[in-house]
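Report on one structure; see the data block that follows.
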Amino acid sequence: MKTMIWNPEALHHLARGLIVWGFALLVVRLTFSGDILLYIAPHLVIYAEIAAGGLLILGGFQLYFAVRSFAGRAPACACGHDHEGHSHEMPATPMRVTGLYGLFVLPLALCLMLPSAAFAGTIADSKGMNLGASTAFNNGKEDAELIELEGDESPELRAMFRSRAYDRDFAKLGMLLYQQDMIEMKEDWFLEKLETINKFLDPFQGKSIEITGFVYRQDGLADGLIIVGRMAMTHCIADIAPYGMIVDAPQAAGLKDDQWVTVKGTIGRQSLGDREVMKVLAESVTEAKPAAVPYVYPDRSFASKL
Amino acid sequence: MNATTAADRRTAASRSNLAALIGLACIAGLYFVTAESPGRLLHDAKLQLFKTLFVGILLEALPFILIGVLIAALLHVFVTDEMIRRFIPRHPVLGILTAAVLGIVFPICECGMVPAIRNLIRKGMPTYVASTFILVGPILNPIVFWSTLMAFRSRPEIAYTRMGLAFAIALIVGLIVYRGYRGDPLRQRGPSVAAHDHRGHAHDHHTSPAHGGHGRRAIRSMIAGKTKDVMGHAANEFFDMGKYLLIGAALVGLLQTFVSNAMLVKLGQGELGSNVLMMGLGFVLSLCSTSDAFVAQSFAATFSAGSLVAFMVFGPMMNLKGLIMMLAVFKTKFVVLLAACVTVLVLAGSWILPYIALK
């Protein structure tokens with residue numbers, strides 16, 4: 276019986292080896308072109324690379340088994356004879372073979388046919404724009420804990436950034452931002468800065484700010500108000516979520532959706548239902564080049580880098 | 238014995254047919270649209286989005302499924318039934334607690350969990366212990382705790398509640414399965430397993446005493462043999478589980494392409510409605526348990542803390558991608574029992590929690 280089946284089995288090993296190597300090469304290709312950042316977050320790239328290494332080894336063994344099988348030697352995994360009823364039985368009929376391997380080839384084929392693409396404004400609609408989740412602090416609150424920052428911040432500054440214990444990190448960042456002449460909303464800490472400003476709305480009123488992102492329009496916002504946002508990615512493209520700030524610009528009507536702009540202006544406030552969020556009163560709106568990797572990433576340990 | 242083999246083969250055949258059908262449908266669909274107008278297809282935003290989601294989920298899951306597959310293969314080749322039986326306490330509650338602790342020590346998400354758990358059950362891990370392990374593993378571990386805590390910096394009670402609820406639910410489900418589920422939860426436990434183990438022993442006997450004179454060579458050839466065994470089985474598992482991961486990722490990709498969160502969110506608000514809705518969202522999105530906290534946080538403005546916890550407990554335990562992988566391994570009856578218990582318990586838990594812990 277074994278002599279009858281050695282050849283299809285060799286073909287199976289060959290197909291498996293090639294598919295596994297295909298996935299490894301996909302990771303390698305995406306890593307070298309940098310496009311991998313359009314699929315997964317930077318801190319996961321190293322895992323994908325290790326996985327590619329693992330796949331190369333795994334596929335190598337399959338190809339080795341294939342060669343041995345072609346040469347007519349006994350299958351390397353000596354379980355060839357008890358494959359019947361085995362859970363990982365190799366598919367038998369041509370249709371099943373096509374189906375199984377076709378399924379594995381599908382993502383590889385898609386990657387070969389379609390270039391990698393970045394998503395920004397186009398899917399903000401389906402995800403729902405976030406304009407800051409937290410509610411601003413009431414700074415008059417007596418029970419708020421005063422943050423002691425080492426260094427020479429004035430007592431007035433510290434009083435402005437009273438916060439609950441858990442928000443100490445944002446208060447720290449807030450004091451840092453407050454002392455800057457211009458708050459720049461770029462890739463670094465985009466989400467953390469957005470959260471900070473929304474948490475401490477009062478002290479930031481009238482501060483200068485610059486933000487680069489895509490233009491997004493939301494139902495229910497008045498004419499002249501647009502949102503400039505960025506996509507945040509935690510792990511992979513499946514978990515991206517748009518974050519942005521409302522921009523009050525006279526030229527808003529002339530801006531296209533998804534267009535990338537740089538807005539310079541000052542911070543104001545906008546009521547949104549029963550809460551208040553920050554708003555940028557635009558002084559200038561200029562066209563900007565879309566970022567090659569349009570995503571921003573939450574930095575969970577940002578406080579330790581302050 | 239022949240009858241079971243035939244039945245096993247039939248179920249395997251029908252599921253492979255399903256996989257084949259989906260694969261063919263995708264290819265046919267691609268061909269159809271390509272034939273229509275190749276240029277437009279390649280620039281179609283929906284296809285582009287689907288492909289990016291599909292490949293992104295695969296790239297994210299790849300390292301973890303490889304770890305799972307490798308663990309499964311190592312278990313298969315090296316761990317005996319005896320070792321499993323000795324390791325797990327006989328007392329059901331102790332057994333379930335052991336599983337919970339195991340989940341903390343081995344932080345693998347459901348992609349890696351399913352292949353590993355199948356081998357553990359085959360090796361004699363009791364079903365109720367396995368049920369607890371599979372539910373607790375993706376949530377109750379340091380990485381997930383830390384990422385939840387960081388996502389909800391200002392509300393640490395959400396992270397504690399998530400861990401607590403997951404632990405409680407896993408314990409209860411373990412007990413329910415202990416009391417209420419008899420029989421083998423696995424789809425196939427063919428006669429091959431026994432034959433396989435037997436063969437493994439034969440292999441050992443054959444290598445060690447036969448070459449008594451050349452001890453080192455015997456060891457080296459045994460290591461080579463074991464390595465090939467592990468690699469062979471890992472590849473088998475990879476294709477076996479990978480198939481379901483691919484189908485799961487494709488479905489999640491399709492859903493996310495054509496059904497928007499915003500549409501879902503509009504479906505329902507209200508006290509229990511939002512909990513159900515967030516659970517549904519967790520099911521559909523099929524996110525990794527280490528990244529879902531951040532997504533949950535993006536809903537914090539519109540949804541109650543209870544429903545966010547429901548999202549973060551239900552999603553990792555029951556989601557589209559995981560369910561398809563589970564159905565590949567477990568009998569439908571068992572998966573339905575598990576899903577029903579988890580659904581009811583998460584809903585109940587997330588409804589009660591706001592009154593006791595999430596003020």
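The listed protein sequences correspond, in order, to chains A and B.
For this note's numbering, count along the first sequence from 1 and bump the result up by 275.
For this note's numbering, count along the second sequence from 1 and bump the result up by 237.
Glycine residues also receive a C-beta, built at the ideal position from the N, C-alpha and C atoms.
From a predicted model like this one, the values you see are computed outputs, not experimental measurements.
CB contact flag (residue i, residue j, <8 Å)
{"i": "V292(B)", "j": "L385(A)", "result": "yes"}
{"i": "F379(A)", "j": "L483(B)", "result": "yes"}
{"i": "V499(A)", "j": "A524(A)", "result": "First, the amino acid is wrong: residue 499(A) is Gly here, not Val. Cβ atoms of G499(A) and A524(A): closer than 8 Å."}
{"i": "V583(B)", "j": "M516(B)", "result": "yes"}
{"i": "M460(A)", "j": "E485(A)", "result": "yes"}
{"i": "V373(B)", "j": "A403(B)", "result": "yes"}
{"i": "V555(A)", "j": "V538(A)", "result": "yes"}
{"i": "A341(A)", "j": "H288(A)", "result": "yes"}
{"i": "G529(A)", "j": "M404(A)", "result": "no"}
{"i": "V381(B)", "j": "T527(B)", "result": "yes"}
{"i": "A316(A)", "j": "M450(A)", "result": "no"}
{"i": "I413(B)", "j": "G349(B)", "result": "no"}
{"i": "A530(B)", "j": "A298(B)", "result": "no"}
{"i": "M400(B)", "j": "L423(B)", "result": "no"}
{"i": "E562(A)", "j": "V536(A)", "result": "yes"}
{"i": "S535(B)", "j": "S511(B)", "result": "no"}
{"i": "D532(A)", "j": "Y491(A)", "result": "yes"}
Residue i, DSSP secondary structure in three states
{"i": "V568(A)", "result": "coil"}
{"i": "L584(B)", "result": "helix"}
{"i": "A353(A)", "result": "Confidence at A353(A) is low in this model, with a pLDDT of 45, below 50, so its placement is unreliable and no value can be given for it."}
{"i": "N405(A)", "result": "strand"}
{"i": "W383(B)", "result": "helix"}
{"i": "S504(A)", "result": "The sequence shown places Gly at residue 504(A), not Ser. The answer is strand: DSSP assigns G504(A) an E or B state."}
{"i": "Q545(A)", "result": "strand"}
{"i": "A407(B)", "result": "helix"}
{"i": "C263(B)", "result": "helix"}
{"i": "K288(B)", "result": "helix"}
{"i": "K539(A)", "result": "strand"}
{"i": "L377(B)", "result": "coil"}
{"i": "P390(A)", "result": "coil"}
{"i": "S391(B)", "result": "coil"}
{"i": "G293(B)", "result": "helix"}
{"i": "F336(A)", "result": "helix"}
{"i": "I515(A)", "result": "coil"}
{"i": "I294(A)", "result": "helix"}
{"i": "F489(A)", "result": "strand"}
Amino acids of chain A, ordered along the chain, whose beta-carbon sits closer than 7 Å to that of residue i
{"i": "G293(B)", "result": "Y314, I315, C511, I512, A513"}
{"i": "M468(B)", "result": "L333, F336"}
Neighbouring residues, chain B, relative to residue i (Cβ below 7 Å)
{"i": "F436(A)", "result": "Near F436(A) there are no residues of chain B at all, since even the closest Cβ is about 14 Å away, more than 7 Å."}
{"i": "A516(A)", "result": "V532, S535"}
{"i": "Q227(A)", "result": "Since the first residue shown for chain A is 276 and the last is 581, residue 227(A) is missing from the structure and cannot be characterised."}
{"i": "I398(A)", "result": "L286"}
{"i": "A323(A)", "result": "L296, L299, P300"}
Per-residue contacts from residue i into chain B (C-beta, under 8 Å)
{"i": "I219(A)", "result": "The structure shown does not extend to residue 219(A), since chain A is modelled only from 276 to 581, so the question has no answer here."}
{"i": "Y441(A)", "result": "R390, S391, R392, P393"}
{"i": "A326(A)", "result": "L299, P300, L303"}
{"i": "R291(A)", "result": "A472, F476"}
{"i": "L385(A)", "result": "K288, F291, V292"}
Interface partners of residue i on chain A, CB under 8 Å
{"i": "S384(B)", "result": "R575"}
{"i": "G479(B)", "result": "F379"}
{"i": "T289(B)", "result": "L313, Y314, S391, A392, F394, I512"}
{"i": "I259(B)", "result": "G374, L378"}
{"i": "V489(B)", "result": "A513"}
{"i": "F475(B)", "result": "V295, L333"}
{"i": "K568(B)", "result": "Chain A residues near K568(B): none, gap ~13 Å exceeds 8 Å."}
{"i": "L483(B)", "result": "L378, F379, L381, P382"}
Neighbour list for residue i in chain A, Cβ cutoff strictly below 9 Å
{"i": "I371(B)", "result": "By Cβ distance, chain A contributes nothing, its closest Cβ being about 18 Å from I371(B), past 9 Å."}
{"i": "L522(B)", "result": "A513, D514"}
{"i": "C263(B)", "result": "G377, L378, L381"}
Interface residues of chain B facing residue i [CB-CB closer than 9 Å]
{"i": "V302(A)", "result": "L296, L299"}
{"i": "F465(A)", "result": "Within chain B, no residue comes near F465(A); the closest Cβ sits about 14 Å away, beyond 9 Å."}
Handout entry: Selection of the region 527 to 551 of chain B by Cβ proximity to chain A, strictly under 9 Å
Key = T527, S528, D529, A530, F531, V532, Q534, S535, F536, A537, A538, T539
Point to revise | Whole runs of the alpha helix (DSSP H) within the region 319 to 367 of chain B, excluding any shorter than 4 residues | key: Within the region 319 to 367 of chain B, complete alpha helix (DSSP H) segments of at least 4 residues are found at 329 to 342, 347 to 359, given in chain order.
Contacting positions in the region 385 to 398 of chain B - beta carbon closer than 8 Å to chain A: M387, A388, R390, S391, R392, P393
(request) Would you list, in chain order, the members of the region 367 to 382 of chain A that have their beta-carbon closer than 7 Å to a beta-carbon of chain B? (result) M370, R371, T373, G374, L375, G377, L378, F379, L381, P382
Contact set between the region 444 to 458 of chain A and chain B, restricted to residues whose Cβ is under 8 Å from the partner:
D444, F445
* What are the complete alpha helix (DSSP H) segments, minimum 4 residues, inside the region 465 to 540 of chain B? -> 498 to 504, 508 to 522, 529 to 534
- Task: Give, in chain order, every residue of the region 471 to 500 of chain A whose Cβ lies closer than 9 Å to some Cβ of chain B.
- Result: K474
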